[in-house]
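Residues in the sequence shown are numbered from 43 upward in steps of one, following the working numbering.
Since the structure comes first, as structure tokens, the remarks are kept for the end.
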Amino acid sequence: MLAGCGNTGVGDTAGTEAAAGNMGQEDESKQTEPEKVALRIWVEEANIENLQKMIDSFEQKYAGQADFDITIEVSGDADTRKNVLGDVHNAADIFSMPDDQLYSLIAGGALSPVVNQEEVKAANLEDAVNAASYNGTLYAYPYSADNGYFLYYNKEYLSEADVQTLDGIMAVAAENGKKISMELTSGWYLYSFYGNTGLEFGINDDGVTNYCTWNSSEGSIKGVDVAQALLDITANPGFIAQPDSDFVEAAKSGDCIAGISGVWNAVSIQEAWGSGYGACKLPTYTCNGQQIQMSSFKGYKMFGVNTYSAHPEWAHKLADWITNEENQTLRFEERSQGPSNKNAAASDAVGKVPAIAAVIDQSQYGTLQRVGNSYWDACTNFVNTIINGNPDNIQLQELVDKLVEGICASVVQ
Numbered sequence: 043m044l045a046g047c048g049n050t051g052v053g054d055t056a057g058t059e060a061a062a063g064n065m066g067q068e069d070e071s072k073q074t075e076p077e078k079v080a081l082r083i084w085v086e087e088a089n090i091e092n093l094q095k096m097i098d099s100f101e102q103k104y105a106g107q108a109d110f111d112i113t114i115e116v117s118g119d120a121d122t123r124k125n126v127l128g129d130v131h132n133a134a135d136i137f138s139m140p141d142d143q144l145y146s147l148i149a150g151g152a153l154s155p156v157v158n159q160e161e162v163k164a165a166n167l168e169d170a171v172n173a174a175s176y177n178g179t180l181y182a183y184p185y186s187a188d189n190g191y192f193l194y195y196n197k198e199y200l201s202e203a204d205v206q207t208l209d210g211i212m213a214v215a216a217e218n219g220k221k222i223s224m225e226l227t228s229g230w231y232l233y234s235f236y237g238n239t240g241l242e243f244g245i246n247d248d249g250v251t252n253y254c255t256w257n258s259s260e261g262s263i264k265g266v267d268v269a270q271a272l273l274d275i276t277a278n279p280g281f282i283a284q285p286d287s288d289f290v291e292a293a294k295s296g297d298c299i300a301g302i303s304g305v306w307n308a309v310s311i312q313e314a315w316g317s318g319y320g321a322c323k324l325p326t327y328t329c330n331g332q333q334i335q336m337s338s339f340k341g342y343k344m345f346g347v348n349t350y351s352a353h354p355e356w357a358h359k360l361a362d363w364i365t366n367e368e369n370q371t372l373r374f375e376e377r378s379q380g381p382s383n384k385n386a387a388a389s390d391a392v393g394k395v396p397a398i399a400a401v402i403d404q405s406q407y408g409t410l411q412r413v414g415n416s417y418w419d420a421c422t423n424f425v426n427t428i429i430n431g432n433p434d435n436i437q438l439q440e441l442v443d444k445l446v447e448g449i450c451a452s453v454v455q
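Written out as structure tokens, the structure reads:
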């Protein structure tokens, strides 16, 4: 009642003090209630079940310290950069990504640097740390070291001696009416023919444009030499250039007895070839009369924490948790993903998995993927001409000059 609000009698004062005491108890109770922490994580759909186990153990470890509401959402790793930078304020608190997207996400102000820098650096392989760093600062938590490619081969047809050279593989394949498969139209795979030739390629300091000498007319291996080697390879009856997904189907049908791909196809290829399943580093190929070890882009995957997370402290704790030694081991056991954690990677179990052993062996010949956007279309256009046998008889120097011009363009052509 309004009249009661103005009453200042002694009895009322006591009541007020009692009420104040109750309010103090309520405030104290509220202060002891755990903070509500809502976090979202973006990962590939295939990794959800495995990740949920890690989240469950995280919530158990920190039970009582926060009221967690952790949600997993599907987002392809290849689309992370686009999805995050498209609306960084509403992007997930934590997101999985390949290392080649790191620079763009840093430039876009989307990544909160790792909190426990030295601890994470010490726990992971040096290359994985470098892949997740910029100017010495670690910007993401590495969790896999297998984002590269290598050779799958069917032991029923190919011996260990055969798979040392691409010539040997193609010869056996052709004799048996079979093929070795490669997604050559992708610049990701095309790089394998250039990485160990002495011809140079990389991204400039601006983080956008590329430098490239793949058209060089000097040295023991010239730009035209690689172009001619590619013409010879693609014309070989034992070789087929096709999408990675088509290789899996061709392995199942028996049309392909070898293929250049990555660990994501390990289960499918093993099912297709059974006891014949084999994997190893990439072979050498013939270029200007020399045997050149095929190179590769090697890569790592990592979790980044959004700069705009409403709960950055907990986001970092969770990112650190799901990438620790125990959970990298769990990820390997359940998802066959090669760990970047030193201890997990050194385990006997990891060394016994052919695909992971192959990608680790190939990594000594690989390079971190740091590529400006104009690279991809230029490579595809070049390879399409090669695959079709250079139907317009373009001079090879002109062909590689055009390739380099496209790769080094300031914008996508």
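Backbone N, C-alpha and C define an ideal beta-carbon position, used for all residues, glycine too.
DSSP three-state assignment for residue i, whether helix, strand or coil
| i | result |
| --- | --- |
| N64 | Residue placement at N64 is poorly supported in this model, since its pLDDT is 49, which falls under 50; the coordinates still yield a value, given next. Note: N64 maps to helix in three-state DSSP. |
| R123 | helix |
| S71 | Legend: pLDDT at S71 = 46, less than 50; position of this residue unreliable, value from coordinates given subsequently. In the structure shown, S71 sits in a helix (DSSP, three-state: H, G or I). |
| A203 | coil |
| E77 | strand |
| Q335 | strand |
| L372 | helix |
| E115 | strand |
| G316 | helix |
| N49 | Any answer about N49 is weak, because its pLDDT of 37 lies below 50 and its placement is not dependable; what the coordinates show is given next. Residue state, collapsed to three classes: coil. |
| Y145 | helix |
| S452 | coil |
| Y233 | helix |
| W84 | strand |
| I275 | helix |
| K384 | helix |
| L445 | helix |
| D390 | helix |
| Q439 | helix |
Residue j beta carbon less than 7 Å from that of residue i
| i | j | result |
| --- | --- | --- |
| H358 | V157 | yes |
| E87 | V126 | no |
| Y145 | G249 | yes |
| G244 | Y233 | no |
| I364 | M139 | no |
| P190 | V442 | Looking at the sequence shown, residue 190 is not Pro but Gly. No. Outside cutoff. |
| K429 | C329 | Reading off the sequence, residue 429 comes out as Ile, not Lys. Not closer than 7 Å, so no. |
| N166 | S382 | yes |
| A397 | V305 | yes |
| D109 | P76 | yes |
| G320 | Y199 | no |
Buried or exposed by the 16-neighbour rule on C-beta atoms within 10 Å, applied to residue i
| i | result |
| --- | --- |
| Q379 | buried |
| A300 | buried |
| P186 | The identity of residue 186 in the sequence shown is Ser, whereas the question assumes Pro. It counts as buried. |
| K220 | buried |
| I90 | exposed |
| D267 | buried |
| N307 | buried |
Min CB distance residue i to chain B below 7 Å
| i | result |
| --- | --- |
| A387 | In the structure shown, chain B cannot be found, because there is only a single protein chain. |
Residue range of the alpha helix (DSSP H) that includes residue i
| i | result |
| --- | --- |
| C298 | Counting along the chain, C298 falls outside any alpha helix (DSSP H), though it belongs to the beta strand (DSSP E) covering C298 to S303. |
| G408 | Where G408 is concerned, there is no enclosing alpha helix (DSSP H), although the beta strand (DSSP E) it sits in stretches over G408 to L410. |
| C421 | S416 to I429 |
| P22 | Residue coverage of the chain in this structure runs from 43 to 455, which leaves residue 22 outside it and unanswerable. |
| W356 | P354 to W363 |
Host beta strand (DSSP E) of residue i (start-end)
| i | result |
| --- | --- |
| G346 | K343 to V347 |
| C322 | Y319 to C322 |
| F243 | F243 to I245 |
| F100 | Not the beta strand (DSSP E): F100 falls in the alpha helix (DSSP H), residues I90 to K103. |
| P140 | I136 to P140 |
| A283 | F281 to A283 |
| N252 | N252 to C254 |
| T328 | T326 to C329 |
Legend entry - Contiguous beta strand (DSSP E) assignments of at least 3 residues, all confined to the region 142–226: 183–186, 192–196 and 221–224
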